[in-house]
Amino acid sequence: MSLIIRIFDLLERLKIMQTVAILGSLFFWNNIKEHFAVFPHVQFIHFPYTHPEQCVDFIEEAASQSDIVLFAGSIPYYYCYEKIKASSIQATYLPFDELTLALSLLSLHHHERVELSELSIDLPKMSSFYQVMKEAGIASTDVHVKDYALVHEKPEKIANLNMADYVQYHKELYESGKTKLALTSLHAVFIELEQLGIPAKYMVESKQTFTAAVTRALDAYHHKLLASSQVAVVSIHCQENLLHLHPVFQSKLETLSARLHAKVMPAQQEPYLIISTRGVIEKLEPSYLRSLKEQYEQQFGTIFRVGVGYGYSLHEAEAHSSQALFFTTKYSETSTIMCLVDEQNRLHGPLFENNNKVALSSNNRHILEIAEKVKMSAKNINVMKQFMLVTNNRPFSAAELADYMNLSRRSAERIINRLIEQNYFTLAGEEHPYHQGRPRKLYKATTKWEI
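For what it's worth, this note's numbering labels the leading residue of the sequence shown as 552, then goes sequentially.
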C-alpha cells in the first residue's frame, strides 16, 4: 500500500511547483525574467554574482533550495563542475547557440549600423560564428573573433580562463582603430569594457533558447523522479547455512532496512528479500556498502551473493533481482558478489569491481540478427555474450555453457550446433580428462559472432 501511495505522491509532484535556481548576473536576470510566464508551475529564484567564479561559493546553497540549478552560461557551470558531479546536483546551463549569435548580429546591424569587420567578438566556439556566416551566405574575411573552446573540450582547464585576456583583446582592437564595438558573450567582460568606456554589447538573450533549456531541464528532472520511484528488490543469499543464526540475521536486516526506509520480507528460507526504491538504493555510497559487506562477513563468518533488481512493479523488480542473484554465481566463490539487473533488463556487475553492463534483452541489430537465424531469444544471445566475456573467449565445452546458462547439457549442445550451422561457432578441438572417460569437444566463437 505504501508503494502505491508513493507513486501517487510522485504524480502529484510532477504537477505542482518546481523551483529553478538561476545563477547569473543581475543583468542576465533582468533580461530573462519576462520569459518566466511560459512556465506557470515553476518558481525562479536568483543567486546573483558579479564574476562567474563566485558561483563556487553558493552552488550548494542554491541546490538545497531548488529542484534544478540553471547557470547563465557554460563558464559559471564549469567553475562549479566538480561540485556538481560530486554532489549529483541537477544542474544545466543556458547554451550559446547559432540563434543567439544571429539575433545579436542582426540587432547590432539594425540599431548600431556597425559593419561586421568593425566588430570584435568573443564566443564559446569560433566554429559557431563561421557556420552562421556560411549558412547566411556572408563573407567572413577580416573578422575579429576570439573563443574559449578549450574550456568546453576540457572542463578542467577552466582555471586557465582569464577574463582579463578577453578584455585586453577587445580593448587593443578598439584603441588601435580596427573596431568600433565589442560583442561579448562574457558578462564580466561586458561590465569591464563599459567601465573602460569601450563601446560594448552583450549577446541577445533569446526567448527560444531560454525556454528550450528550461524545458529540457524540467524533462530531465521529471525523468529522474520517475526513475527514483522504481521498485527495488534486493535478494541476499548466504554461502554458508545460517539456519541456526536466522533470527539474528533477520533482525540485522530489519535494522538496516529501517535505516534505509525499506522493508524486509518475512522468510524462512533463502534468499532474504528487501523491498525498497531505486532512489534509496542509488543514494547509498559505495564505501558504505563495502563497510556493511565487511561487517556482515566478519559477524556471520561467511560470504554473500546479492542480486538487486529494478522495475516498475514489484513483480518485475523481483524477477530482475532473481536474475541478478543467478549471475552472481558466475563470478568469484571466495568473496561477496553483487550484481544488478535494471528496468531495461540490463545486467550490471559485479558492482564495485567493474562496471560491466550486459543487456539481457536487446534491440541491437546484430544480436537480433543472430537470434533470428538460430531461432533463439535475444535474451539468451546476450547471456551467451556475457559468457564469452567471463571466459575471455577461450575454447569452452557444452557442459560449461550449460552450467552458465542453467540449462541441460543436451539443450546447450543444441544451441551450439545451431550456431555452428550459421558459422558463429566453430569446433576448436577436444579436452581429454585426466581420468578415464570420453574426450569433450571444445568450441570457440568465430569473428562472425563479434557483438
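Positions of the beta carbon are idealized from the N, C-alpha and C atoms, including for glycine. The model shown is predicted, which means the values in this text are computed figures rather than measured ones.
In the structure shown, G852 falls within a coil segment according to DSSP collapsed to helix, strand and coil.
Taking the CA atoms as reference points, E707 sits about 8 angstroms from Y629. Distance check between I787 and each of E867, E704, I888 and V718 places I888 closest, using alpha-carbon atoms only. Collapsing the DSSP output to three states places L674 in a strand. C-alpha of A751 to C-alpha of L744: approximately 7 angstroms in a straight line.
About 5 angstroms separates the Cβ atoms of F579 and A623, confirming a contact at the 8 angstroms cut-off. Spatial neighbours of G860 in its own chain (CB-CB distance under 6 angstroms, excluding positions within 5 residues in sequence) are listed in chain order as V784, A868, H871, S872, A875 and V892. For E649, the closest of S757, Y839 and S576 by C-alpha to C-alpha distance is S757.
Cβ neighbours of R969 within its own chain (closer than 6 angstroms, five residues either side excluded): V925. Assignment of G830 by DSSP, reduced to helix, strand and coil, places it in the helix class. Minimum Cα-Cα distance from A963 among the listed residues K992, P837 and L952 corresponds to L952.
R856 counts as buried, since no fewer than 16 other beta carbons sit within 10 angstroms of its beta carbon. Excluding sequence positions up to five before and after D954, its CB lies less than 7 angstroms from no other CB in the same chain.
Of the residues T885, W1000, Q605 and H866, the one whose Cα lies closest to the Cα of F938 is W1000.
A check of alpha carbon separations from E981 across N582, T997 and F947 identifies F947 as the nearest.
Taking the Cα of I854 as reference, the smallest distance to any Cα among A739, S864 and C789 is reached at C789. By DSSP's assignment, Y644 forms a beta bridge with F622. Taking the Cα positions, A763 is about 29 angstroms away from L670.
DSSP places Y863 in no alpha helix (DSSP H); its state is neither H nor E. F647 is positioned such that its CB atom lies closer than 9 angstroms to that of M754.
Q895 carries a coil assignment under DSSP once its states are collapsed to helix, strand and coil.
Counting C-beta atoms within 10 angstroms of its own C-beta, N933 has 16 or more neighbours from the protein chains shown and is therefore classed as buried. The C-beta distance from S736 to P675 rounds to 7 angstroms, short enough to fall under 8 angstroms. With a contact defined as Cβ atoms closer than 8 angstroms, T570 and D608 miss out at about 20 angstroms. For D698, the closest C-alpha among the options S679, L747, F590 and E663 is that of S679.
Residue pairing by DSSP puts A751 in a beta bridge opposite A733. The secondary-structure analysis by DSSP pairs R969 with nothing; it has no beta-bridge partner. Counting only residues of its own chain and dropping the five nearest sequence neighbours on each side, A778 has a CB closer than 7 angstroms to the CB of R829. CA-CA distance, C890 to K936, rounds to 17 angstroms. According to the DSSP secondary-structure assignment, Y823 is paired through a beta bridge with I787.
L747 and K731 do not touch by the CB rule: their CB atoms are close to 15 angstroms apart, not below 8 angstroms. A778: member of the alpha helix (DSSP H) spanning K758 to S779, first to last residue. A Cβ-Cβ contact shorter than 9 angstroms links I635 with I610.
Between L621 and Y600, the CB-CB gap reaches or exceeds 9 angstroms. According to the DSSP assignment, H695 belongs to the beta strand (DSSP E) that extends over H695 to D698.
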